[in-house]
Amino acid sequence: MSAAARSGASVAHHLVGAGQSERTRLKVEQATYAYSATDRSAPEFTLGPVSFEARQSELVTILGPNASGKSTLLRLLAGMFKALSGRIEVDGLEIGDLDLLRRAQKIAFVQQESELLFPLRVWEYVLQGRYPYGRRLRFESEEDSLLAGNALSQVGADSFRERWMNELSGGEKQRVILARALAQQPSLLLLDEPTQHLDIGGKVELLRRLRKLADGNSYSVIVVTHELNLAAEFSDRVVLLHKGKSLRVGTPAQVYDRALLEETFAAPLEVEMRPSGRPRVILSSEH
Amino acid sequence: MPAIRQARLLAVLLLPCFVPTGIGAAAGPDASTAKMQSSSPDSSSRVVVDEMGRIVTVPKDLRRIVSLAPSVTEMIYALNLDDRLAGDTDYCDVPPAAKLKPHVGSFLNPSLESIIALHPDVVIAVAYSGNREETADALQKLGVAVYVINPQTVPRILDSMSGIAKLAGDDKRGAEVVSALKSRLDVLQKRLADLPLVHVLFVVQLEPLITAGQHTFIADALRWAGAESIVVSKVDWPKLSMEEVVRLQPDYIVVAPGPMTDSVSTVTDLRKRVVWRDLLAVQAGHVAIVSEEIDRPAPGLIDAIEQLAHEIHPTAFSMNAGEDQYPRLRLGSLSEKCNSARWQACAH
Amino acid sequence: MRTLTARRVVAICALLSTILFVAVVISLRLGSYPIAVRDIVMTLFNKAIGRGDEIPSEFSVVIFGLRLPRIALGILVGASLSTAGAGFQALLRNPLADPYVLGVSSGAALGAILSVIWAPQVTGAIQIAAFIGAAVAIAAVYFLGRRGGQLDSATLLLAGIISASFLSAIIMFIMTTLSGRDVRGMAFWLMGDLSTPPPTTHVKEWLGFLFAIFLVAAGAMYTTSSDLNLILTGEQEARHLGVNLRRVKLVVYVSASVLTGLAVSVSGAIGYVGLLVPHVMRMLFGTDYRLLIPTSAIGGAIALVIADLLARTLVAPTELPVGAMTAIAGAPVFIYLIRRRVR
């Protein structure tokens, strides 16, 4: 696709706002995957079949205990592996059919940051999010700068534009990484256990921000986590996984069934419904 | 960004590399440099063939020689052509007067510009274990006449000297000097004719132990002194294991003083060293220290040969005490360097 | 936010090129053979307007036969090594990477020494053999350095170090058992030496050919500069942004190796330039590879032209090997850089 067409597409993208009817961003149909199919030394582990959808402005949580296949599913959605069977569609397009750049325009993946080798400023880092748009050897345009700036504002990191990446705190850095993902103007924003190293205040702040972003924009946010209450509080939809199997898909209220959760998480739990309609999970007093 | 802008950007970025080389690329030896060495001989020049088969054109009236090796410098002085020596290397110090000549750098990597700055009529270099072939090739390409000698044996040293004398147009003088040296060798040969060769270990370097291979001029020099190296090797400067020395038990150990053998100035030093002290030669005191002239394929080598011969074949010389010009070498003392007065004596 | 624009890149390159030009002029002026600036200008002028015959032959020899080719080589080698260094630092994700860490120079040295043994009389044999040796080393390390069908920085580094020491050991072995032929020339070559004049009388064509190779290789690497910027923030991150890791790594690997092989086959292994120039350029102009590659190239040219100038004039008439000069100058710069990083 030519640079002009690509940047044209990005502008059109921008115009699709909340006024549009609910648009399905992600559609997963009976997707399965097994590591041992491609790497014989890998342990036997099968994921799926999994099916669910994510619409624009929705926040979907992939929930489950450790080793339930959450990260694998997320990587399938990111296009890092090809599903063994089934379909995964972003904006109606099968992920496996997209070339690298097109995929990067549609899907943004946020993960724990690797060590930066050389010092880099925040705005330079965020500007890199514009890479999928335009030719190989390119210099960023006015529009790119605008969009990157916009992304920084959306995460509340305006004030750190000129700072060096390695001088930021963990939370600040995470915001900047998120900004870079937003600069990609994706249809899907994927986050892999983003609350891992944060304290409770940080966790809530992050999820609040993600919620706001989802509400105010036209993409879907997909978060992998094992945090039951955060998921319940902030997601529109939950996909519950256990040992690679998709146990249930639905709203938190639909998914948070006591027996189901206890079996999945192997812990004595109680589920309370709150007035807001969202469930809350606590440790059971009986053992 | 459209492709044409990209291409332009690339070109502009890398253009700076082109500019100086555009000038450089316009360079290259051409007709003008060939003027420095005319390819067609005329009445004012002479064509000779050097020892490597190269054809060398020099002016008949050869005034300016640049020497690229200490041995060449020594030869030039011995031939009394030193007034025509325009420059030599940093290491030419025999005779001491050579140190005062303009220098062109080191033996292995002389400065080509310095050589050219001296406007030489000919540059004389030594082949093989001498100067690098690249140096000679480079000078030739730049239009400088290069005469390469190859004194791999003692007689060839004399041939080289004749060649140089002929190059300088001084055939007669050269013949005199060379024949004097030849007669010394003939005398020596006669004296040593019936004597068996003494087996020696020639030490170039003590640690690690390095000796001279069979194709070196040193090996030939040993033969002229009535000796033979216990090591036969195609490698010019082979490293030797002490075990081999112990197995072969040389009759004599020959050491030349120098930075690599500095610690051995007397036979007592060797007697202090482990393994060495158990060698038969060391126990018998058969350690010959020869002058450092043995390190150069030049006229001084003949002095060193004579010294060594005296040392290891004393019986050949004790008969005609009167004729003996050179005092017997005392064990443990270093010989004097040939000073300029002695050069005259050497030449006769 | 001041983004990097093409204009800025061109401006900085123009500035550096001017400095390079000045260095070239000074280098032309100084040397063992005394020539006044006036004479230099006249000589160049006459040559340029086609009146080459009117130049005094000695001037012509010194300027066109000795100094200019040497300067041109210095530019070529300096630019090649620095660009290769910048590329390897990104590919191997290691700021200590220099062009030789993957064994390219050892391969070239082995090729050179074999040609000295087998074809000592053939002009230009050393250069060709060295380039072939480099190519073999490049290919071998490539195949050893792959993991999962793609070049992996840690594996590549290991493969390179192993092959470098293996090849060096073979070289040592050959040099000690060699039958006394010109190994001393090899010693110079191994240290890095620009003083050997070109192996051909067609200097113009030879230099042009070498520069063409440089442009192709450096150009190829330049096309991946945006990708490299992303890769430096993490390989996975780069992949998610759409970088074709496999292709980029291959291009950078081949082009950096070709540049190194080119430099080494012409002048032996000159050290420090490939390691330090990219770092200095980063400090001055930032880490964006769209600017770093051209500035490293020009900066490397400047560094080597100056180093070579010093090598041949500092203790004239003795010529120091240029590799010794870069080491002497490079070590303090290196120490300074290390200390600055400890901020």
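Protein sequences, first through last, are from chains A, B and C. So in this note's numbering, the last one in the first sequence is 334, and the numbering has no gaps at all. So in this note's numbering, the last one in the second sequence is 417, and the numbering has no gaps at all. So in this note's numbering, the last one in the third sequence is 1218, and the numbering has no gaps at all. We put the beta carbon where it would ideally sit given N, CA and C, even for glycine. These figures come from a predicted structure and were not determined experimentally.
In terms of DSSP beta bridges, what is residue i paired with?
i, result
"residue 292 of chain A", "A:289"
"residue 320 of chain A", "A:326"
"residue 174 of chain B", "B:179"
"residue 355 of chain A", "Since the displayed chain A opens at 48 and closes at 334, residue 355 of chain A lies outside it and no answer follows."
"residue 271 of chain A", "A:109, A:239"
"residue 279 of chain B", "B:274, B:308"
"residue 945 of chain C", "Looking at the DSSP assignment, residue 945 of chain C forms no beta bridge with any residue, so it has no partner."
"residue 157 of chain B", "B:172"
"residue 284 of chain A", "A:107"
"residue 168 of chain A", "A:211"
"residue 421 of chain B", "The shown model of chain B, from 70 to 417, leaves out residue 421 of chain B, and the question about it has no answer."
"residue 323 of chain B", "B:271, B:357"
Just to confirm my understanding: we take residue i, look at its own chain, exclude 5 residues before and 5 after, and list those with CB closer than 6 Å. What are they?
i, result
"residue 1164 of chain C", "1100, 1103, 1104"
"residue 176 of chain A", "227, 230, 231"
"residue 138 of chain A", "234"
"residue 202 of chain A", "222, 225, 226"
"residue 126 of chain A", "142, 150"
"residue 237 of chain B", "131, 150"
"residue 114 of chain A", "none"
"residue 1130 of chain C", "1092, 1095, 1096"
"residue 1135 of chain C", "959, 974, 979"
Using a Cβ-Cβ cut-off of 8 Å (strictly less than) and excluding sequence neighbours within five positions of residue i, which residues of its own chain qualify?
i, result
"residue 324 of chain A", "300"
"residue 1038 of chain C", "977, 978, 981, 982, 1012, 1015, 1016, 1019"
"residue 303 of chain B", "282, 283, 284"
"residue 350 of chain B", "270, 318, 319, 320, 321, 322, 356"
"residue 1184 of chain C", "898, 901, 902, 905"
"residue 1112 of chain C", "1105"
"residue 209 of chain A", "168, 169, 170"
Enumerate in chain order the residues of its own chain whose CB-to-CB distance from residue i is below 7 Å, with the five nearest sequence positions on each side excluded.
i, result
"residue 117 of chain A", "109, 111, 271, 288"
"residue 1195 of chain C", "1186, 1189"
"residue 122 of chain A", "128"
"residue 205 of chain A", "199"
"residue 1121 of chain C", "1025"
"residue 303 of chain A", "279, 318, 326, 328"
"residue 187 of chain A", "174, 177"
Examine the Cβ distances between the segment 180 to 187 of chain A and the segment 220 to 230 of chain A and report whether three or more of them are shorter than 8 Å. The segment 180 to 187 of chain A, when compared against the segment 220 to 230 of chain A, does not touch it at the 8 Å Cβ threshold.
Below 8 Å, can you find three or more Cβ-Cβ pairs linking the segment 1195 to 1212 of chain C to the segment 1142 to 1161 of chain C? The answer is yes - the segment 1142 to 1161 of chain C touches the segment 1195 to 1212 of chain C, with three or more Cβ pairs under 8 Å.
Runs of alpha helix (DSSP H) wholly within the segment 189 to 249 of chain A (minimum 4 residues, chain order): Segments of the alpha helix (DSSP H) lying fully in the segment 189 to 249 of chain A: 189 to 201, 217 to 230.
Tell me which residues of the segment 931 to 948 of chain C have at least one Cβ-Cβ distance to chain B shorter than 7 Å, keeping chain order. From the segment 931 to 948 of chain C, only 932, 933, 935, 936, 937, 939, 940, 941, 943, 944, 946, 947 have a Cβ closer than 7 Å to chain B.
Please identify, using Cβ separations under 9 Å, the residues of the segment 1080 to 1112 of chain C that lie next to chain A, in order along the chain. For the segment 1080 to 1112 of chain C, residues whose beta-carbon sits nearer than 9 Å to a beta-carbon of chain A comprise 1097, 1098, 1099, 1100, 1101, 1102, 1104, 1105, 1107, 1108, 1109, 1110, 1111, 1112.
May I ask you to verify whether the segment 360 to 375 of chain B touches the segment 215 to 225 of chain B, counting CB pairs closer than 8 Å and requiring at least 3? Output reads yes: the segment 215 to 225 of chain B touches the segment 360 to 375 of chain B.
At a CB distance below 8 Å, what residues from the segment 889 to 918 of chain C approach chain B? Give them in sequence order. Shown in chain order are the members of the segment 889 to 918 of chain C whose Cβ falls below 8 Å from a Cβ of chain B: 889, 891, 892, 895, 896, 899, 906, 907, 908, 909.
Taking beta-carbon pairs under 8 Å, can you tell me which members of the segment 166 to 184 of chain B lie near chain C? So the close ones are 172, 173, 174, 175, 177, 178, 179, 180, 181, 182, 183.
Starting from the N-terminal side, write out each stretch of the alpha helix (DSSP H) that is 4 residues or longer and does not extend beyond the segment 210 to 244 of chain B. Correct list: 223 to 236.
Listed from N- to C-terminal order along the chain, which residues in the segment 185 to 198 of chain B have their beta-carbon within a distance smaller than 9 Å of any beta-carbon of chain C? For the segment 185 to 198 of chain B, which is checked against every Cβ of chain C, the residues closer than 9 Å are 185, 186, 188, 197, 198.
Please list, in chain order, the residues of the segment 182 to 202 of chain A that have any C-beta partner in chain C closer than 8 Å. 183, 184, 185, 186, 187, 191, 192, 195, 196: these are the residues of the segment 182 to 202 of chain A whose beta carbon lies less than 8 Å from some beta carbon of chain C, given in chain order.
Residues from the segment 134 to 160 of chain B in contact with chain C, defined by Cβ distance under 8 Å: Residues of the segment 134 to 160 of chain B with a C-beta less than 8 Å from any C-beta of chain C: 159, listed in chain order.
Every unbroken alpha helix (DSSP H) within the segment 1127 to 1205 of chain C, with a cutoff of 4 residues, ordered by chain: With a minimum length of 4 residues, the unbroken runs of alpha helix (DSSP H) contained wholly in the segment 1127 to 1205 of chain C fall at 1148 to 1160, 1164 to 1188.
Using a Cβ cut-off of 8 Å, which residues of the segment 201 to 220 of chain B contact any Cβ in chain C, in chain order? Per Cβ criterion, the list reads 201, 202, 203, 206, 207, 210, 211, 212.
What are the residues in the segment 949 to 974 of chain C lying within 7 Å of chain B by C-beta distance? Answer set for the segment 949 to 974 of chain C: 950, 954.
Pull out every residue of the segment 1156 to 1190 of chain C whose Cβ sits closer than 8 Å to any Cβ of chain B, in chain order. Answer set for the segment 1156 to 1190 of chain C: 1169, 1172, 1173, 1176, 1187.
Using a Cβ-Cβ cut-off of less than 8 Å, list which residues of the segment 294 to 323 of chain B approach chain C; keep chain order. Within the segment 294 to 323 of chain B, contact with chain C at the beta-carbon level (separation under 8 Å) is assigned to 303, 304, 305, 306, 308.
Output the residue ranges of the alpha helix (DSSP H) runs that lie fully inside the segment 939 to 1012 of chain C and measure 4 residues or longer, sorted by chain position. Taking 4 residues as the shortest admissible run, the segment 939 to 1012 of chain C contains the following complete alpha helix (DSSP H) segments, listed from N- to C-terminal end: 943 to 966, 979 to 993.
How about the segment 93 to 102 of chain A and the segment 68 to 82 of chain A: do they share at least three Cβ pairs that are nearer than 8 Å? Using a C-beta cut-off of 8 Å, the segment 93 to 102 of chain A makes contact with the segment 68 to 82 of chain A, since at least three inter-stretch Cβ pairs fall below that distance.
Cβ pair count under 8 Å reaching 3, the segment 1174 to 1181 of chain C against the segment 919 to 936 of chain C: They do not touch, by the three-pair rule.
If contact means a Cβ-Cβ distance below 8 Å, which residues of the segment 1188 to 1209 of chain C contact chain B? So the list reads 1191, 1192, 1193, 1194, 1196, given in the order they occur along the chain.
Interfacial residues, the segment 1013 to 1039 of chain C to chain A, with Cβ spacing under 8 Å: Correct list: empty, as no residue qualifies.
Validate contact between the segment 124 to 140 of chain B and the segment 155 to 174 of chain B using beta carbons, cut 8 Å, 3 pairs: In short, these stretches touch, since the Cβ pair count reaches three.
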